[in-house]
Amino acid sequence: MAKVLVVTSGKGGVGKTTTTAALGAALAQSGQSVVVVDFDVGLRNLDLVMGAERRVVFDLINVVQGIAKLPQALIRDKRLESLWLLPASQTRDKDALTDEGVGRVIEELRSRFDWILCDSPAGIERGATLAMRYADEAVIVTNPEVSSVRDSDRIIGMLDSKTVRAERGERVEKHVLITRYDPARAARGEMLTIDDILEILATPLLGIIPESQDVLKASNVGTPVTLNNAESAPARAYVDASRRLMGEEVAMVVPAERKGFMNRLLGRRAA
Amino acid sequence: MDVRADPTRQLVRLRGRSYVAFVFSPVVPIVEWLAEIDATLARSPGFFVGKPIVLDLAAVDLSGPAISHLVGSLSERSIRVLGIEGVEEDRLGANMPPLLTGGRACVITRNEPAQKPEPEPKPKQTSLLLAEPVRSGQSIVFADGDVTVLGSVGSGAEIVAGGSIHIYGTLRGRAMAGVNGNSSARIYCQKIEAELLAIDGYYQTAEEIDVSLRNRPAQAWLQGDTMKITPLN
Chain A
1 MAKVLVVTSG
11 KGGVGKTTTT
21 AALGAALAQS
31 GQSVVVVDFD
41 VGLRNLDLVM
51 GAERRVVFDL
61 INVVQGIAKL
71 PQALIRDKRL
81 ESLWLLPASQ
91 TRDKDALTDE
101 GVGRVIEELR
111 SRFDWILCDS
121 PAGIERGATL
131 AMRYADEAVI
141 VTNPEVSSVR
151 DSDRIIGMLD
161 SKTVRAERGE
171 RVEKHVLITR
181 YDPARAARGE
191 MLTIDDILEI
201 LATPLLGIIP
211 ESQDVLKASN
221 VGTPVTLNNA
231 ESAPARAYVD
241 ASRRLMGEEV
251 AMVVPAERKG
261 FMNRLLGRRA
271 A
Chain B
1001 MDVRADPTRQ
1011 LVRLRGRSYV
1021 AFVFSPVVPI
1031 VEWLAEIDAT
1041 LARSPGFFVG
1051 KPIVLDLAAV
1061 DLSGPAISHL
1071 VGSLSERSIR
1081 VLGIEGVEED
1091 RLGANMPPLL
1101 TGGRACVITR
1111 NEPAQKPEPE
1121 PKPKQTSLLL
1131 AEPVRSGQSI
1141 VFADGDVTVL
1151 GSVGSGAEIV
1161 AGGSIHIYGT
1171 LRGRAMAGVN
1181 GNSSARIYCQ
1191 KIEAELLAID
1201 GYYQTAEEID
1211 VSLRNRPAQA
1221 WLQGDTMKIT
1231 PLN
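Chains as they are written, first to last, in this note's numbering: chain A, 1 to 271; chain B, 1001 to 1233.
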């Protein structure tokens, strides 16, 4: 059974595109056939993060409008056989998407892939509502900041009311993914804690991705972070999250501050 | 095929079927009685469509031509008479409806949509229960009574109630109780981090709410025209 999963947040810059690419690659690595779909029409990025920007010929809008066939627009990843990209158009805007057109494309993707990951644009307008419209599951990407958490709360409300599933009286399965979690700042009490976030959002946790230079490095070279340096902390956290999406039980690791040498020497004070 | 192969005589099958007929009992003067019929038709034009109509002439003494005229007047109003009762057969001409006998009185059930009795109005809901958290951006408006929320009310969400508001999670958004001028309405919450509390138009914003109340179970009510917020335990 194909699953349509929307990666959304409301707020911009929290890591939706990074997450879509990383989860897509992790799922593909475990043998699933995956397509990542960029819904950010006009401000596309997923092609860059996937390192496919030079191979884009047709895009989602062309397929929605019937100008191109779906196989013409799909781009296969060079590293993973079962990972595909459906890019967005950079020259058009989100009004070029229609509800029926998106529904038709999603239906066609369902027959070809195990996972359809929709990278939602920021905001709550047309692009974001159409990205979530046909979703079976949702990953809500949240930073440990009040503004991000409130926007996520808003998006969860929309997932419960504006999706096809919600309108049929069914539920979209929702997961919170906390990204850019900084253990040092958390220890100093400068960030919302995991408990605070989960209490506000009242939605199960999919994973915690630590703030890391590896994420930036990976996107600069156009590789999903899970492929670029599989041993890095964010890569491992994303792989764990992808296993939880597939229904595995994986223990949750809260990133802790790595203590320096001096800290380790002086960290333990005698009573 | 079987029918054609069988040369034996086919039996005529007679079946019974009963319809409830409207019985018209004209009274003199006939002109006024017809005006009455016209009034009924004006109120519901389709009232007699598809209904068998029987004329009961027992109450009047009409001659053959007069009966013919009456039947004509009715057919001008698109009312076709199925049969006639309560008159001697010889008064009815050849192209008149037949004489009927043996009718039994019964109650007419009116099944015309416009005539249907209104279904009993449901008793109005006087409370609203929300089992899910109320998310940022959602607005719950319930003017008819109390609102109970089992989860939390997110920052940027609002609850508007004609009666009191009960929140069993954290209130981070806005709660407006007693909006229809109910000054005895109250707001209860398990944890207060509200952006705004209002009862019957009197309100307090987050800044005015005492810091010592934060994160505690609290209630808000009106004392005269000041809002009181006190801990609940």
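Glycine included, each C-beta is placed from N, C-alpha and C at the ideal position. Since we're looking at a predicted model, the values are computed, not measured.
For residue i, does the three-state DSSP call read helix, strand or coil?
i	result
A/A230	coil
B/R1174	strand
A/L86	strand
B/G985	For chain B, the structure presents residues 1001 to 1233; residue 985 of chain B sits outside this window and is missing.
B/P1065	helix
A/G169	coil
A/A237	helix
B/S1139	strand
A/P183	helix
B/L1148	According to the sequence provided, residue 1148 of chain B is Thr. The question's Leu does not apply to it. Strand at B/T1148.
B/V1020	coil
B/E1089	helix
B/S1025	coil
A/G103	helix
A/K174	strand
B/A1039	helix
A/E199	helix
B/G1072	helix
A/K3	strand
A/S219	helix
B/E1032	helix
A/A271	Note that A/A271 has pLDDT 46, beneath the 50 cutoff, so the model's placement of it is unreliable and the number below is only indicative. Here A/A271 sits in coil by DSSP.
B/V1054	strand
B/M1001	Unreliable positioning characterises B/M1001 in this predicted model, as indicated by a pLDDT of 47, which lies under 50. A coordinate reading is not provided.
B/V1153	strand
B/S1044	coil
Under a Cβ-count criterion, where at least 16 other Cβ atoms within 10 Å of its own Cβ denotes burial, should residue i be classed as buried or exposed?
i	result
A/D196	exposed
A/Y238	buried
B/E1193	buried
A/K78	exposed
B/N1215	exposed
A/V254	exposed
B/V1107	exposed
A/D240	buried
B/A1177	buried
A/A271	Its pLDDT being 46, under 50, A/A271 is placed unreliably in this model, and the coordinates cannot settle the point.
A/L206	buried
B/K1122	exposed
A/N228	buried
A/G10	buried
B/N1233	exposed
B/E1088	exposed
A/M158	buried
A/A233	buried
A/E249	exposed
Thinking C-alpha only, which one of the options is nearest residue i?
i	options	result
A/A166	A/M132, A/R79, A/V221, A/G24	A/M132
B/P1133	B/V1060, B/G1156, B/S1063, B/V1107	B/G1156
A/V6	A/K174, A/V221, A/T193, A/G189	A/K174
A/M1	A/L205, A/L192, A/E137, A/T19	A/E137
B/I1199	B/H1069, B/N1182, B/D1210, B/D1090	B/N1182
B/G1103	B/V1020, B/G1162, B/P1119, B/R1015	B/V1020
B/M1227	B/V1211, B/S1018, B/L1092, B/I1187	B/I1187
A/R243	A/G12, A/S120, A/L27, A/L205	A/L27
B/A1185	B/E1207, B/A1143, B/S1152, B/V1211	B/A1143
B/A1058	B/D1210, B/L1074, B/A1039, B/R1091	B/R1091
A/V146	B/G1151, B/I1140, B/S1136	B/S1136
A/I200	A/N62, A/A233, A/I67, A/P144	A/P144
B/V1031	B/L1196, B/G1083, B/S1073	B/S1073
A/R104	A/A68, A/D40, A/V64	A/V64
A/E125	A/D40, A/E170, A/A52	A/D40
A/E211	A/K217, A/R180, A/S219, A/T223	A/R180
A/G15	A/V57, A/I178, A/N220	A/I178
A/V176	A/Q213, A/G222, A/I140, A/N45	A/I140
A/G42	A/L80, A/G24, A/L97	A/L97
A/D114	A/K94, A/Q29, A/T193, A/N62	A/Q29
With hydrogens ignored, establish whether the beta-carbon of residue i is closer than 7 Å to any heavy atom of the ligand FAD.
i	result
B/L1011	The ligand content of the structure shown is nil, which means the ligand FAD is not present either.
ask   = Along the chain, which unbroken stretches of the alpha helix (DSSP H) at least 4 residues long are found entirely within the stretch 13-79 of chain A?
value = 16-29, 46-49, 60-64, 70-73, all fully within the stretch 13-79 of chain A.
ask   = Counting pairs of beta carbons, one from the stretch 33-47 of chain A and one from the stretch 65-85 of chain A, are three or more of them closer than 8 Å?
value = The stretch 33-47 of chain A is in contact with the stretch 65-85 of chain A.
request  = Counting only runs of 3+ residues fully inside the stretch 108-156 of chain A, write out the beta strand (DSSP E) ranges in chain order.
outcome  = Within the stretch 108-156 of chain A, the beta strand (DSSP E) runs of at least 3 residues that lie entirely inside it are, in chain order, 115-119, 137-142.
request  = Examine the Cβ distances between the stretch 72-81 of chain A and the stretch 149-157 of chain A and report whether three or more of them are shorter than 8 Å.
outcome  = Here the stretch 72-81 of chain A makes no contact with the stretch 149-157 of chain A; the two share fewer than three CB pairs at distances below 8 Å.
inquiry  = List, from N- to C-terminal side, the beta strand (DSSP E) runs of 3 residues or more that fit wholly inside the stretch 1178-1225 of chain B.
reply    = You should have 1187-1192, 1196-1199, 1202-1205, 1218-1223.
query = If we count Cβ pairs, one from each stretch, closer than 8 Å, do we get three or more for the stretch 1144-1153 of chain B versus the stretch 1117-1132 of chain B?
reply = With a cut-off of 8 Å, the stretch 1117-1132 of chain B and the stretch 1144-1153 of chain B count as touching, because enough Cβ pairs lie within range.
ask   = Touching or not, the stretch 5-23 of chain A and the stretch 113-130 of chain A, by the rule of three or more beta carbon pairs under 8 Å?
value = Yes: the two stretches touch, three or more of their Cβ pairs being nearer than 8 Å.
ask   = Would you call the stretch 1063-1078 of chain B and the stretch 1031-1051 of chain B touching, i.e. three or more CB-CB distances under 8 Å?
value = With the cut-off at 8 Å, the stretch 1063-1078 of chain B and the stretch 1031-1051 of chain B touch.
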